[in-house]
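*Asks:*
2 protein chains.
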Amino acid sequence: MAKPVTISLDGMGGDNAPAIVIDGAARALKKYPSAHFVIFGDEAQIRPLVDRHPQLAAASTLRHTPDRVTSEDKPAMALRQGRQSSMRLAIDAVANAEADAVVSAGNTGALMAMAKFSLKVMPGIDRPAICTYMPTKIPGHGAVFLDLGANVECDPQNLLEFAVLGGVFSREVFKIDAPKIGLLNIGSEAMKGTDLVKGAAELLDKAKLPGRYVGYAEGDEIMAGHFDVIITDGFTGNVALKTIEGTAKALGSMVKQAFKGSLLMKLGMLLALPGLIVALPALIALKKRADPRYYNGASLLGLKGLCIKSHGGTDAIGFANAIGVAIDLAGNQFNRKVEAELERLGHGQPVIAAVEGAA
Amino acid sequence: MAKPVTISLDGMGGDNAPAIVIDGAARALKKYPSAHFVIFGDEAQIRPLVDRHPQLAAASTLRHTPDRVTSEDKPAMALRQGRQSSMRLAIDAVANAEADAVVSAGNTGALMAMAKFSLKVMPGIDRPAICTYMPTKIPGHGAVFLDLGANVECDPQNLLEFAVLGGVFSREVFKIDAPKIGLLNIGSEAMKGTDLVKGAAELLDKAKLPGRYVGYAEGDEIMAGHFDVIITDGFTGNVALKTIEGTAKALGSMVKQAFKGSLLMKLGMLLALPGLIVALPALIALKKRADPRYYNGASLLGLKGLCIKSHGGTDAIGFANAIGVAIDLAGNQFNRKVEAELERLGHGQPVIAAVEGAA
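Order-wise, the sequence lines are chains A and B.
So that you can map any letter, position 67 of the first sequence is 53 in the working numbering, and since no number is skipped, the others follow by simple counting.
So that you can map any letter, position 203 of the second sequence is 189 in the working numbering, and since no number is skipped, the others follow by simple counting.
(1) Helix, strand or coil: which one does DSSP assign to Tyr281(A)?
(2) Indicate whether Arg113(A) and Ala164(A) have their beta-carbon atoms separated by less than 8 Å.
(3) Could you please give me the residues that DSSP links to Ala129(A) through a beta bridge?
(4) With a CB to CB cut of under 7 Å and the five nearest residues on each side skipped, what residues in its chain are close to Gly185(B)?
(5) Taking Cβ positions only, does Thr56(A) come closer than 8 Å to chain B?
(6) Compare the C-alpha of Phe148(B) against each of Gly128(B), Lys178(B) and Gly110(B) and name the closest.
(7) Could you tell me the distance, in whole angstroms, from the CA atom of Ile25(B) to the CA atom of Leu35(B)?
(8) Quick one: what's Leu272(B) bridged to in DSSP?
(9) Contact defined as beta carbons within less than 8 Å: I believe Ile6(A) pairs with Gly0(A). What is the distance between those atoms, to the nearest angstrom?
(10) Listed from N- to C-terminal order along the chain, which residues in the segment 241 to 254 of chain A have their beta-carbon within a distance smaller than 9 Å of any beta-carbon of chain E?
(11) With DSSP run on the structure shown, which of helix, strand or coil describes Gly317(A)?
(12) Reducing DSSP to helix, strand and coil, say where Thr233(A) ends up.
(13) Short check: CB of Val(-9)(A) to CB of Ile294(A), under 8 Å?
(14) Return no unless some Cβ of chain A is closer than 8 Å to the Cβ of Lys194(B).
(15) Please work out which residues of its chain come closer than 8 Å, Cβ to Cβ, to Ala244(B), disregarding the five sequence neighbours upstream and downstream, and give them in chain order.
(16) Report the three-state DSSP secondary structure of Glu327(A) (helix, strand or coil).
(17) So Arg74(B) is in the alpha helix (DSSP H); what residue range does that whole segment cover?
(18) Determine the burial state of Pro125(B): buried for a count of at least 16 other Cβ atoms within 10 Å of its Cβ, exposed for fewer.
(19) What separation, rounded to the nearest whole angstrom, lies between the Cα atoms of Gly153(B) and Asn137(B)?
(20) In whole angstroms, what separates the C-alpha of Val324(B) from that of Leu151(B)?
(21) Under three-state DSSP, which class holds Thr47(A)?
(22) Looking at chain B, is there any beta carbon in it that lies within less than 8 Å of the beta carbon of Asp214(A)?
(23) Closest to Val80(B) by C-alpha separation, out of Met63(B), Leu105(B) and Ser57(B), would be which residue?
(24) Under 8 Å, do Lys290(A) and Met177(A) count as touching if we go by C-beta distance?
(25) With a cut-off of 8 Å, does the C-beta of Asn224(B) fall near any C-beta of chain A?
(26) Roughly how many whole angstroms lie between the Cα atoms of Leu(-5)(B) and Thr51(B)?
(27) Identify, in the order they occur along the chain, each residue of the same chain with its Cβ nearer than 8 Å to the Cβ of Leu134(B), setting aside the five sequence neighbours on each side.
(28) Please return the same chain residues whose Cβ sits closer than 6 Å to the Cβ of Leu145(A), not counting the five positions on each side in sequence.
(29) Which residues in the same chain as Glu207(B) place their Cβ atom closer than 8 Å to its Cβ, once the five residues preceding and following it in sequence are excluded?
(30) Quick one: grab the DSSP three-state call for Asp181(B).
(31) Look at Phe103(A) and Leu65(A) and say whether their C-beta atoms are less than 8 Å apart.
(32) Going by the beta-carbon positions, is the gap between Arg54(B) and Ala302(B) smaller than 8 Å?
(33) Restricting to Cα atoms, I'd like to know which of Phe131(B), Gly68(B), Ile313(B) and Ser20(B) is closest to Ala101(B).
(34) Using DSSP's beta-bridge definition, name the partner residues of Lys246(A).
(35) Verify the CB distance criterion: does Asp206(A) have a CB-CB separation below 8 Å to chain B?
(36) Tell me the DSSP bridge mates of Ile294(B)?
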């Protein structure tokens, strides 16, 4: 992480922009003091926010853009009419090699459309994928999970490419030498699953991957820590990701209701207060471990430039984490490593041959 | 629930059979005192267990079967060679109208194969589906969820049939007059999703369902309580169901690790003990609400007889809950209600016409 990186930021994207973008960048700068930022957006709004953080002011360049993409804009419309938007110009900064990666909390569809158009798909990759990592039962371990919705209909070759992208992600970001790669399915036996899954398993078995293809992973193994990378089509991945969010929210809501609904619970917690205060650091660590803000930042992988999507509703902590993902990927030269993997696999190997066939 | 029902039990199915089957039946009998059981299995093992519960002994008939299906048996093999197994004879008791429903914690594949063969698919239904219900944020509310894995590849017509089965389930078991039915997808806009989802949405929009088709539901809405019924193909449903289980387990595991790993946490909890004891009833109620045993019992719907699959690893509490599902469905004459819905919809309506076309 020694090499300084430049991150371009869509200052106007997200529910609470530009405040969370600027506060998030200031926060990220504390962790990555050599980072530089190019911030795109409405200067009148952004300048006073940046000025509150002298360190950030020194480490960032502000570019005024009068235009912005809203959450209601259709991707095709944003692509045509948003050429001067903060989102588009922040992406273009990566295309122009002014920045190493872009981070935006704005409209996902517009970001994907603009990023594909401006950054272009990497040679050897048929379809870019959205990738994130999930906390698992193993402390400090993250399971790389893709595709999360970029491609609702996939073919086996797409899933093979996802395995390459996810494998390099796990190796470069989590420093796992030979990531264990699993294919999401509804059972562990070879005969189980859809034609897509069975076709992908056949390709994965033969391919030389950046990691080891272990076999099928079931839904309850995403967070179990058995796998370092879990690949699936964008429909299933998106449903699974949102199901994880929904389950955590529903359980949290049940806990809150139990506290609100019961007098005995309230009394008990009052009596327990001294103990809870003693346990506070451990309770905070626990909350942090399951806090989605610390897993914020979905990477759009397979493009010639790095593009990170932050959750639209996140706060400064979450946005700082998304910036961290961008810095990790850029600092580790993720795209060069993927290119090297594709090239290494390409000499007469099924990966490139099939990619070319599918393209 | 006034009408007494007879439930046939596969006494030998499940990791902890026959003990959990017998103890589960005894427990269910306390809640449903007019129920009768026909228990199939090894008499030498089962008789002493039943005799420990005089009430159950009086309310049950024991049928000795020397044979059993194991968890390793392939479905086709079990179907051919398991004609004298406890699982098969318990199913046959429903086919012979000796029992109103069957409950088994045994091999899922074998149970489905045998149930389809022995009970036969209901006229007007192309494919039976596996259905369960999930707790939601709304206290006392269950979201009916299907298909959970019976059909990995579906067509839009199958999903329409699942809406009929799920709608009647919600109405009869949860007494919801006009269940809100959602179709699992990766966004709420009409253009989102796979061809399967868009095709199903078109059918659902036109069909007169036992409930109201509301539109797309996302993964984070399964447990949110916005929907009474959520339908999807068996691949996505199985992944989502297991993802819910896995998320709950991973979060539980993080809590346990926080307690075990931190001295301050242990000390704090010790100090908090008096308060925790006061709050105990509320804490137990909370645990119960999220306890999967209280949602155990997946129904194989769309057959001419009722068949309930209990989780293989459950205990007596979980097995009793599965029996409860069987009694609820049988007591409410679930299958007759489904037939009536199919008939009502069938007169020139797209449901039956398309079913016949697809068959």
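We put the beta carbon where it would ideally sit given N, CA and C, even for glycine.
*Replies:* Let's see:
(1) In the three-state DSSP reduction, Tyr281(A) falls in the helix class (H, G or I).
(2) Cβ distance not < 8 Å, so Arg113(A) and Ala164(A) don't count as in contact.
(3) For Ala129(A), which the question treats as bridged, DSSP gives the partners Met120(A).
(4) Within the same chain, and ignoring the five residues on either side of Gly185(B) in sequence, the residues whose Cβ sits closer than 7 Å to its Cβ are Pro142.
(5) Judged by the 8 Å Cβ criterion, Thr56(A) is not in contact with chain B.
(6) Comparing Cα-Cα distances from Phe148(B) to each of Gly128(B), Lys178(B) and Gly110(B), the minimum goes to Gly110(B).
(7) For Ile25(B) and Leu35(B), the distance between alpha carbons rounds to 12 Å.
(8) DSSP, once it has assigned bridges, lists no residue as partnering Leu272(B).
(9) Beta-carbon to beta-carbon, Ile6(A) and Gly0(A) are separated by about 6 Å, close enough to satisfy the 8 Å threshold.
(10) Among the chains of the structure shown, chain E does not appear; the protein chains present are A and B.
(11) It is helical.
(12) Of the three classes helix, strand and coil, the one that applies to Thr233(A) here is helix, per DSSP.
(13) Not closer than 8 Å, so no.
(14) For Lys194(B), the answer is no, since every Cβ of chain A falls outside 8 Å of its Cβ.
(15) The answer, listed in chain order, is Met251.
(16) Residue state, collapsed to three classes: helix.
(17) In the DSSP annotation of this structure, the continuous segment of the alpha helix (DSSP H) that includes Arg74(B) starts and ends at Ser72 to Ala81.
(18) With a 10 Å radius around the Cβ and a threshold of 16 neighbouring Cβ atoms, Pro125(B) comes out exposed.
(19) When only Cα atoms are considered, Gly153(B) and Asn137(B) end up about 19 Å apart.
(20) Looking at the two C-alpha atoms, the distance is approximately 7 Å.
(21) Taken through DSSP and simplified to helix, strand or coil, Thr47(A) comes out as strand.
(22) With a threshold of 8 Å between beta carbons, Asp214(A) makes no contact with chain B.
(23) Looking at the Cα atoms, Leu105(B) is the closest of the given residues.
(24) Contact: no.
(25) At least one chain A Cβ lies under 8 Å of Asn224(B).
(26) Distance from the CA of Leu(-5)(B) to the CA of Thr51(B), rounded to the nearest whole angstrom, comes to 12 Å.
(27) So the qualifying residues of the chain are Ala115, Ile116, Cys117, Thr118, Gly220, Gly223, Asn224, Leu227 and Ala284.
(28) Excluding sequence neighbours, Leu145(A) sits near Ala186 and Ile217.
(29) Result list for Glu207(B): Gly168, Phe213 and Ile216, in chain order.
(30) Secondary structure of Asp181(B) (DSSP, three-state): helix.
(31) In contact: Phe103(A) and Leu65(A) (Cβ atoms closer than 8 Å).
(32) No, they are not a contact pair.
(33) Checking every option, the nearest Cα to that of Ala101(B) belongs to Gly68(B).
(34) DSSP, once it has assigned bridges, lists no residue as partnering Lys246(A).
(35) With 8 Å as the cut-off, Asp206(A) counts as an interface residue toward chain B.
(36) In the DSSP output, where bridge partners are listed per residue, Ile294(B) has Val89(B) and Ser285(B).
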